[in-house]
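If you're matching positions, the sequence shown starts at 533 in the numbering used here and goes up one per residue. By construction, the Cβ of each residue, glycine as well, lies at the ideal position given by its N, Cα and C atoms. For reference, the structure is listed below as structure tokens.
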Amino acid sequence: MAAFFHKPVLLHEAITSLVPDTSGARAGVYIDATLGGGGHSLNLLQTLEYQQRLSRSLLIGIDQDADALAAAQVRLQPFGVHFRAVQGNFGDLKSLVESELDLDGEPIVRIDGILLDLGISSYQIDEASRGFSFQKPAPLDMRMSQAATQTAADIVATYSEEELAQIFFRYGEEKKSRVIARAVVREREATPIETTDALSAIVRRFFPDYQRAEQTKSLARIFQALRIEVNRELEVLKSVLQDASDLAASGGRIVVISYHSLEDRIVKDFFREGASEDWGPKGVVLKEPLKRATLKLITKKPIEPNEDETNSNPRARSAKMRVAEKR
533 MAAFFHKPVL LHEAITSLVP DTSGARAGVY IDATLGGGGH SLNLLQTLEY
583 QQRLSRSLLI GIDQDADALA AAQVRLQPFG VHFRAVQGNF GDLKSLVESE
633 LDLDGEPIVR IDGILLDLGI SSYQIDEASR GFSFQKPAPL DMRMSQAATQ
683 TAADIVATYS EEELAQIFFR YGEEKKSRVI ARAVVREREA TPIETTDALS
733 AIVRRFFPDY QRAEQTKSLA RIFQALRIEV NRELEVLKSV LQDASDLAAS
783 GGRIVVISYH SLEDRIVKDF FREGASEDWG PKGVVLKEPL KRATLKLITK
833 KPIEPNEDET NSNPRARSAK MRVAEKR
């Protein structure tokens with residue numbers, strides 16, 4: 533097993549957004565809902581310590597990956613009772629936090645910041661046995677939680693041609709979705725497709741050698757689509773955004789880092805909808821809006837890594853960070 537290491541993306545930008553200068557000496561509960569190896573959490577705890585707020589603060593780190601939790605607990609052990617690690621899917625954010633704080637129906641304590649760093653960690657990509665990368669021979673797994681039952685191999689083996697084509701197009705935005713789905717179904721009739729190499733070989737057939745760059749992009753899109761389906765990523769994202777909005781106290785920040793357009797679109801639409809008010813049809817005068825804004829947009833446009841960061845960490849290239857504040 534590879535050592536769990538994940539270089540945090542947009543680290544400075546994320547932490548300064550979670551703990552803005554305007555927050556003063558206020559202390560509270562912070563949530564890193566995608567703990568990973570604990571890179572963002574470590575910097576957040578160090579920031580709270582520097583601001584002399586750590587003694588009155590708590591950080592809850594959530595991850596469904598047992599390897600990630602174990603690594604983060606070791607890394608953040610020096611912060612003692614001010615850090616708690618919780619294993620679970622962040623789609624259940626609200627219930628996980630309520631259970632961890634043992635509220636038993638009581639009003640939730642003040643939560644001043646929630647971080648969501650979406651996508652997969654460098655460790656998960658580099659650990660061949662997880663099957664996330666088309667560049668490494670491995671079982672076709674792609675589960676972020678080993679407690680889950682359905683793997684990418686199961687999907688490839690059981691979904692209809694139409695279902696596979698829809699997944700490849702909807703979640704991977706793959707132009708060759710139909711022909712690749714047809715080829716997968718034909719291949720599995722003769723031989724089970726159970727490894728990353730076997731699936732990659734099917735996709736590569738549609739590209740001559742001189743289109744190596746397009747071949748790589750298509751492979752990335754197909755693997756992304758399967759990963760999203762295996763882990764229900766977009767469905768879970770919508771759920772966790774609503775939970776984060778419900779949990780955050782007035783003035784609390786929600787910071788989301790996404791890595792592809794499908795995620796970013798969901799985050800952008802959720803934040804904009806939360807920041808808008810509904811005054812009904814034109815010509816109708818109302819004393820109060822039909823729907824009040826629950827969020828305030830802190831970033832009108834997404835924050836992206838600078839050139840120095842993308843040079844030192846190529847996996848940060850597609851990152852986009854959006855921030856909203858609870859009203």
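Reducing DSSP to helix, strand and coil, say where residue i ends up.
i    : result
A680 : coil
S665 : coil
L590 : strand
V799 : helix
Y791 : coil
K626 : helix
Y562 : strand
L818 : coil
G570 : coil
D644 : strand
R710 : helix
R718 : helix
Q605 : helix
E659 : coil
A780 : coil
P610 : helix
R847 : helix
K770 : helix
Q578 : helix
R804 : helix
P540 : coil
Note down the Cα distance separating residue i from residue j, rounded to an integer number of angstroms.
i    : j    : result
R720 : Q743 : 26 Å
V824 : E765 : Here residue 824 is Arg; the residue named in the question, Val, does not match the sequence. Looking at the two C-alpha atoms, the distance is approximately 29 Å.
Q596 : E706 : 28 Å
R710 : V717 : 11 Å
K708 : D729 : 19 Å
Q584 : L577 : 10 Å
A670 : L731 : 11 Å
T579 : E746 : 43 Å
V613 : P813 : 52 Å
Y791 : A848 : 8 Å
A685 : R759 : 11 Å
I835 : I712 : 35 Å
L827 : G784 : 10 Å
L574 : A604 : 9 Å
V787 : D649 : 8 Å
M674 : V762 : 7 Å
A546 : A776 : 16 Å
L608 : D644 : 20 Å
V768 : H572 : 21 Å
I592 : S850 : 27 Å
R804 : Q774 : 13 Å
K539 : S782 : 31 Å
A534 : A807 : With a pLDDT of 49 at A534, under the threshold of 50, the predicted position of this residue should be treated as unreliable, though the coordinate-derived value follows. Cα to Cα, A534 sits roughly 42 Å from A807.
E695 : F611 : 47 Å
I699 : L818 : 44 Å
K833 : S549 : 14 Å
S771 : L628 : 13 Å
E630 : D778 : 12 Å
A602 : E820 : 50 Å
R737 : Q756 : 19 Å
Per DSSP, which one or two residues make a beta bridge with residue i?
i    : result
P671 : T727
Y619 : Per the sequence presented here, residue 619 reads as Gln, with Tyr not at that position. For Q619, which the question treats as bridged, DSSP gives the partners D595.
D810 : K823
L829 : A856
R785 : G645 and E857
I835 : M853
Check for me: the alpha helix (DSSP H) holding residue i runs from which residue to which?
i    : result
R744 : R744 to N763
D741 : Run containing D741: none; DSSP gives neither H nor E here.
I652 : Per DSSP, I652 belongs to no alpha helix (DSSP H) and is neither H nor E.
D634 : Run containing D634: none; DSSP gives neither H nor E here.
A697 : E693 to G704
D840 : E839 to S844
E545 : L543 to L550
Mind checking which residues open and close the beta strand (DSSP E) that includes residue i?
i    : result
V855 : K852 to K858
How close, in whole Å, do the beta carbons of residue i and residue j come, if the pair is a contact with beta carbons under 8 Å?
i    : j    : result
L794 : Y691 : Actually they do not touch by this definition, with Cβ atoms about 19 Å apart.
E693 : R714 : 6 Å
D796 : K852 : 5 Å
E726 : L672 : 6 Å
V541 : I789 : 6 Å
G569 : S653 : 7 Å
L863 : A600 : Because the chain is modelled from 533 through 859, residue 863 falls outside the range shown and cannot be assessed.
Does residue i come within less than 8 Å of chain B when only Cβ atoms are used?
i    : result
I592 : Protein chains in the displayed structure number just one, and chain B is not present.
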